[in-house]
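Protein chains: 2
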Amino acid sequence: MIVEVIAVGTELLLGQTVNTNAAQIGSRLADAGLEHQYSTVVGDDHDRMVAAIRLALSRADALVITGGVGPTQDDITREAICSATQRELLFSEEYADRLRRWWAARGREMPDSNLKQAQYPAGADLLDNPKGTAPAIQLEHEGKLIFALPGVPAELEILLDQHVLPVLQDRSGEGVVLSRVIRTYGQSESLVAEILADVFERSGNPSMAFLASSGEIKIRLTAHAPTEEEAEALVAPFEAAVRERMGSLVFGIDDETIENIVLGLARNNEWTVATAESATGGMVASRITAVPGASKVFRGAIVAYHEDVKRMSLGVADALIEEHGVVSEPVAIAMADGAARALEADVAIAVTGSAGPETLEQAAGTMVIAVHTPERTMARTVRLPGDRERVRTYTTTGALHLARLAMTGEWWSGKPRSGRWV
Amino acid sequence: MIVEVIAVGTELLLGQTVNTNAAQIGSRLADAGLEHQYSTVVGDDHDRMVAAIRLALSRADALVITGGVGPTQDDITREAICSATQRELLFSEEYADRLRRWWAARGREMPDSNLKQAQYPAGADLLDNPKGTAPAIQLEHEGKLIFALPGVPAELEILLDQHVLPVLQDRSGEGVVLSRVIRTYGQSESLVAEILADVFERSGNPSMAFLASSGEIKIRLTAHAPTEEEAEALVAPFEAAVRERMGSLVFGIDDETIENIVLGLARNNEWTVATAESATGGMVASRITAVPGASKVFRGAIVAYHEDVKRMSLGVADALIEEHGVVSEPVAIAMADGAARALEADVAIAVTGSAGPETLEQAAGTMVIAVHTPERTMARTVRLPGDRERVRTYTTTGALHLARLAMTGEWWSGKPRSGRWV
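In structure tokens form, the structure reads like this:
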């Protein structure tokens, strides 16, 4: 079954909102083994929405539309579906009552504009939205399914899981698509592709693709088969070949993030973790604490943005800063040791640097990362191109990867080191 | 001139990468006054890429394609352009030499796969990429312009600015599109729409749209006119009407983020700022330090994830934690006061709470924010729905808004308070 996605909203075309919904839907469709060939963004324009809906119906079996079902005047997805399928727009008294009760339960009177959400194309079902007032719409038109869902990510997500995907999977009765992502760090995309050139040559089902993302290179294998087991059997030898070639550059698969790996290493070693951050301003700590269960391992962080704080809270000696400068390996090492001491942690990750565009004594993009472990503390300096946000993001990723290599001892074990950071 | 955007990459359809490039291109096209009606994502599939390119050429004057121009085997945008326009794929010896020199300058030998990047459709120009090895391609086909750009965001950005937009603007010779976003915080989207219903009724040019984003509600006005001045004159009365109705709920316009506003207030008052964070794990500090120049004002942060750190680094009394629990207003106030003291800051923002799914004594989603200013320290408790990431993001936004209201004194000045947080 081929599913097409249309995201509605001029704010998406104007770039004021990033279309995270398309990624959300795409990943759920893939998990459900449903094929997804095109994803389109169209503005809040009636005629263009109608054209996009008609085109999608001509080339797919089902259509998921997000956005434009809210209570405001620019929400015209309902009208566009009616025009595209030549149906009347009806009004559900029953849903209107439900809306009034929803507002009453929250002790507020419903703004009249919300009644717009009780409108629906003739023949459609209104699906209850557990997280908001905009209902989802499900319509069967000439043998094809049309879903219209709210654009609010949390509402979209629950409606997809509870209504849309079960209905689509039930209809499709097809096989599965299995996607395995092998995550590596430490080499350029083109060198990874070269290392794997003959594996790529042999690929087909599974297909193979390379993807650079915030300094990591991902290798994606995607197999189609009648069952999960058969798809897994297709992927397995390719995964083994990739792992054999890439060796210790592989750090995880699928949604295993580097922060998950670092927390797992800490748990296995019964170590606690802390960070001391200057240029990354708490981004390393944010990434670690985004993982549920981080509280078992993570002690906390000291964001020492001002030099005084490096001295006061981390105990970095004045003389060290004067001699080497704030952006230096000795200062990064003192920050890591200081954080381990002040926050009573076994492992401490420290970052100092200049993310730009302001410059200290060093050029913008010069970043120093140090990692303290019970065994030793080591530091590395790197120069990163790009703007402030890119430098901060890449450094955050790099700091977590260095923490992994320090915690496993690979940093100083004499193993082959082909990465950029070690 | 109508420009259409096609992003190429199966990883986008599978949701493994969010299509931030489309937002980047969209916002630049809007700034340049170029119309943008559709944005499409298509996988690394030759036939579907050809279909998408042909469709775009049938309805737009120019086409910007991103992705699929790298060195790896799944990069087939060049081939797809050739098929869609029935042109031959040629090889540029000159660009191949340039690639070899690029690698040599970095002391490395070029992997052979990179030569793929010296291929181009007959009639196209290869444009130099200052940030990478994949060149941009510019092709005129039957009076329409086709650009193929790398998908790496930093490379895309510079090529857009240096090559693509100047060429498109020169060609268009049309008027401008002016977009003004008025940013508000503290009310629901439907109530904002209701407050502004009659302003919306009068809109047209400029058009008016509402947009909910991480707890903020944005109101976007978009005007078309021959000149910047005329567009501004169309927008001005609508902006004034929105500001008058929304009053103190308006906190900024366009790309004025709440972190920018907070840093501006600090600079104007000659105050320094710090944060003390538990559940947000450094996200408030990350948002603040993402702003260039934050170092003039921001002292640092203590991420007190473990209870011990709240005691040790922030001086929160044991008795307070025992009596009220970690997630409580007295503890949040002690954290804010403790951060102001420990980090020698005039203003301190503190967050404690349970983002879920782990639960402390309080239900997940219960968050307490306190703000210390030279005048006083106050706290608020809020219960937020959604998953860990949503709770953390909304709390970070809320904490910055509460900091703004504390720094201006609006929190306790007796002014009308219609927001959710105060």
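Chains as they are written, first to last, in this note's numbering: chain D, 1 to 422; chain V, 1001 to 1422. Built from N, CA and C at the ideal position, the CB exists for glycine as well.
Notebook entry, point to check: Going by the beta-carbon positions, is the gap between D/A233 and D/N205 smaller than 8 Å?
Noted result: Here residue 233 of chain D refers to the residue found at position 233 of the first sequence. Here residue 205 of chain D refers to the residue found at position 205 of the first sequence. No, they are not a contact pair.
Check: Quick one: Cα of V/R1299 to Cα of D/G252, how far?
Finding: Locating residue 1299 of chain V in the second sequence gives position 299, where the first residue counts as 1. Locating residue 252 of chain D in the first sequence gives position 252, where the first residue counts as 1. Approximately 36 Å, taken between the alpha carbons.
Notebook entry, point to check: If the cut is a Cβ gap below 7 Å, which residues of chain V does D/L13 touch?
Noted result: Here residue 13 of chain D is taken as the residue at index 13 of the first sequence, counted from 1. The answer, in chain order, is G1026, H1036, S1039.
Checklist line | Backbone CA spacing between D/L196 and D/V242 [nearest angstrom] | finding: As a working mapping, residue 196 of chain D is identified with position 196 in the first sequence. As a working mapping, residue 242 of chain D is identified with position 242 in the first sequence. Approximately 7 Å between the Cα atoms of the pair.
Check: Where are the alpha helix (DSSP H) runs, 4 residues long or more, that stay fully inside the stretch 1278-1333 of chain V, in chain order?
Finding: Listed in chain order, they are 1283-1289, 1307-1314, 1318-1324.
Item checked: Host alpha helix (DSSP H) of V/L1029 (start-end) -> Along the second sequence, one-based indexing puts residue 1029 of chain V at 29. Counting along the chain, V/L1029 sits inside the alpha helix (DSSP H) bounded by residues 1020-1031.
Note to self: Check this for me: beta carbons of D/I217 and D/Q169, under 8 Å apart or not?
What the structure shows: Walking along the first sequence from the start, residue 217 of chain D turns up at place 217. Walking along the first sequence from the start, residue 169 of chain D turns up at place 169. Contact flag unset, no.
Margin query: Taking contact to mean 3 or more Cβ pairs, one atom from each stretch, closer than 8 Å, check whether the stretch 1071-1085 of chain V and the stretch 1103-1120 of chain V are in contact.
Written below: yes
Next item on the list: Flag D/R417 as yes if its beta-carbon sits less than 8 Å from any beta-carbon of chain V, otherwise no.
Entry: As a first step, residue 417 of chain D must be located in the first sequence, where it is residue number 417. With a pLDDT of only 45 at D/R417, under the threshold of 50, the placement of this residue in the model should not be trusted; the figure read from the coordinates follows. By this cut-off, D/R417 is not an interface position.
Check: At a Cβ threshold of 8 Å, is D/A23 touching chain V?
Finding: Indexing the first sequence from 1 puts residue 23 of chain D at position 23. Answer yes: the Cβ-Cβ gap between D/A23 and chain V drops below 8 Å somewhere.
Note to self: Using a Cβ-Cβ cutoff of 8 Å, what residues of the stretch 1122-1152 of chain V are near chain D? List them in chain order.
What the structure shows: K1131, T1133, V1152
Check: Where does V/D1319 land, buried or exposed, given buried means 16+ other C-beta within 10 angstroms?
Finding: Start at 1 with the first residue of the second sequence, and residue 1319 of chain V comes out as number 319. Going by the sequence as given, residue 1319 of chain V is Ala instead of Asp. Residue environment: V/A1319 is assigned as exposed (fewer than 16 neighbouring CB atoms within 10 Å of its CB, all protein chains considered).
Check: D/L211 by DSSP, collapsed to three states: which one?
Finding: Along the first sequence, one-based indexing puts residue 211 of chain D at 211. Looking at D/L211 - three-state DSSP - the assignment turns out to be strand.
Note to self: For the beta strand (DSSP E) containing V/M1378, name the first residue and the last one.
What the structure shows: Here residue 1378 of chain V refers to the residue found at position 378 when the second sequence is read from its first residue. V/M1378 -> beta strand (DSSP E) spans 1377-1383.
Next item on the list: Check whether the Cβ atoms of D/M283 and D/K310 lie closer than 8 Å to each other.
Entry: The residue you call residue 283 of chain D lines up with position 283 of the first sequence. The residue you call residue 310 of chain D lines up with position 310 of the first sequence. No, these two residues do not count as a Cβ contact at 8 Å.
Notebook entry, point to check: Using the beta-carbon count (16 or more within 10 Å), is V/N1260 buried or exposed?
Noted result: By 1-based counting over the second sequence, the position of residue 1260 of chain V is 260. Buried, since its Cβ has 16 or more Cβ neighbours within 10 Å.
Item checked: Cβ distance (whole Å) where D/V50 is taken to contact D/A80 below 8 Å -> Position 50 of the first sequence, counting from 1, holds the residue named residue 50 of chain D. Position 80 of the first sequence, counting from 1, holds the residue named residue 80 of chain D. Contact annotation, D/V50 with D/A80: C-beta distance approximately 5 Å; criterion of less than 8 Å satisfied.
Margin query: Three Cβ pairs or more, each shorter than 8 Å: is that satisfied between the stretch 119-133 of chain D and the stretch 47-65 of chain D?
Written below: Cβ pair count under 8 Å is below three, so no.
Margin query: In this structure, how does DSSP classify D/E216 when only helix, strand and coil are distinguished?
Written below: Position 216 of the first sequence holds residue 216 of chain D. For D/E216, the three-state secondary structure derived from DSSP is strand.
Note to self: Considering only their Cβ atoms, is the gap separating D/Q119 from D/F147 smaller than 8 Å?
What the structure shows: In the first sequence, counting from the first residue as 1, residue 147 of chain D sits at position 147. In the first sequence, counting from the first residue as 1, residue 119 of chain D sits at position 119. Their beta carbons are not under 8 Å apart, which means D/F147 does not touch D/Q119 by this criterion.
Notebook entry, point to check: Anyone know if the C-beta pair for V/A1030 and D/L14 falls short of 8 Å?
Noted result: On the second sequence, position 30 is the one that residue 1030 of chain V refers to. On the first sequence, position 14 is the one that residue 14 of chain D refers to. Cβ atoms of V/A1030 and D/L14: closer than 8 Å.
Next item on the list: Closer than 6 Å by C-beta to V/G1215: which residues in its own chain qualify, once you throw out the five before and the five after it? Chain order, please.
Entry: Residue 1215 of chain V sits at position 215 when you count from the first residue of the second sequence. Excluding residues within five positions, the ones whose Cβ falls inside 6 Å are Y1394, T1397.
Note to self: When you compare the CB positions of D/A84 and D/I65, do they come within less than 8 Å of one another, or not?
What the structure shows: On the first sequence, residue 84 of chain D is found 84 positions in, with the first residue counted as 1. On the first sequence, residue 65 of chain D is found 65 positions in, with the first residue counted as 1. For D/A84 and D/I65, no; Cβs fall outside 8 Å.
Margin query: Restricting to Cα atoms, I'd like to know which of V/S1179, V/R1098, V/V1018 is closest to V/F1210.
Written below: Here residue 1210 of chain V is taken as the residue at index 210 of the second sequence, counted from 1. Here the closest residue by C-alpha is V/S1179.
Note to self: Within 10 Å of its beta-carbon, does V/S1413 have 16 or more other beta-carbons around it, so buried, or fewer, so exposed?
What the structure shows: Here residue 1413 of chain V refers to the residue found at position 413 when the second sequence is read from its first residue. Exposed: under 16 other Cβ atoms inside 10 Å.
Note to self: So, for D/P111: in the same chain, excluding its five sequence neighbours on each side, which residues have a beta-carbon less than 6 Å away from its beta-carbon?
What the structure shows: Within the first sequence, numbered from 1, the residue matching residue 111 of chain D stands at position 111. Cβ neighbours of D/P111 beyond the five flanking positions: none.
Next item on the list: State buried or exposed for V/P1121, treating a residue as buried only when at least 16 other CB atoms are found within 10 Å of its CB.
Entry: Sequence index remark: in the second sequence, residue 1121 of chain V carries index 121 (1-based). That one is buried.
Margin query: Since V/G1338 and V/A1399 should fall inside the 8 Å C-beta cutoff, what is the C-beta to C-beta distance between them, to a whole number of angstroms?
Written below: Here the question's residue 1338 of chain V lines up with position 338 in the second sequence. Here the question's residue 1399 of chain V lines up with position 399 in the second sequence. With a Cβ gap of about 16 Å, V/G1338 and V/A1399 do not count as contacting.
Check: Short check: CB of D/T257 to CB of D/A266, under 8 Å?
Finding: Residue numbering aside, residue 257 of chain D sits at position 257 when the first sequence is read from its first letter. Residue numbering aside, residue 266 of chain D sits at position 266 when the first sequence is read from its first letter. Result no, Cβ atoms of D/T257 and D/A266 do not sit closer than 8 Å.
Next item on the list: Could you tell me which chain V residues have their CB closer than 8 Å to the CB of D/P71, listed as they occur along the chain?
Entry: Taking the first residue of the first sequence as 1, we reach residue 71 of chain D at position 71. What D/P71 touches in chain V: E1189, S1190, A1193.
Next item on the list: Report the residue ranges of all beta strand (DSSP E) runs contained in full by the stretch 1108-1184 of chain V; include only those spanning at least 3 residues, in chain order.
Entry: 1119-1121, 1125-1127, 1136-1141, 1144-1149
Note to self: Here's a check: name, in chain order, each residue in its chain whose Cβ is nearer than 7 Å to the Cβ of V/T1352, leaving out the five neighbours to either side.
What the structure shows: The residue given as residue 1352 of chain V occupies position 352 in the second sequence. Closer than 7 Å at Cβ, skipping near neighbours: S1278, A1279, V1326, V1327, V1331, A1332, M1335, V1368.
Item checked: Distance CB(V/R1392)-CB(V/A1355) smaller than 8 Å -> Taking the first residue of the second sequence as position 1, residue 1392 of chain V is located at position 392. Taking the first residue of the second sequence as position 1, residue 1355 of chain V is located at position 355. Cβ atoms of V/R1392 and V/A1355: closer than 8 Å.
Notebook entry, point to check: What are the start and end residues of the alpha helix (DSSP H) that includes V/I1081?
Noted result: Taking the first residue of the second sequence as 1, we reach residue 1081 of chain V at position 81. 1077-1085 is the extent of the alpha helix (DSSP H) around V/I1081.
Margin query: Once the 5 residues before and after D/A212 are set aside, which same chain residues still bring their CB inside 7 Å of it?
Written below: Locating residue 212 of chain D in the first sequence gives position 212, counting from the first residue. Closer than 7 Å at Cβ, skipping near neighbours: E189.
Notebook entry, point to check: Which bits of chain V does D/E228 rub up against, with CB to CB less than 9 Å?
Noted result: Here the question's residue 228 of chain D lines up with position 228 in the first sequence. Correct list: empty, because the minimum Cβ distance to chain V is about 17 Å.
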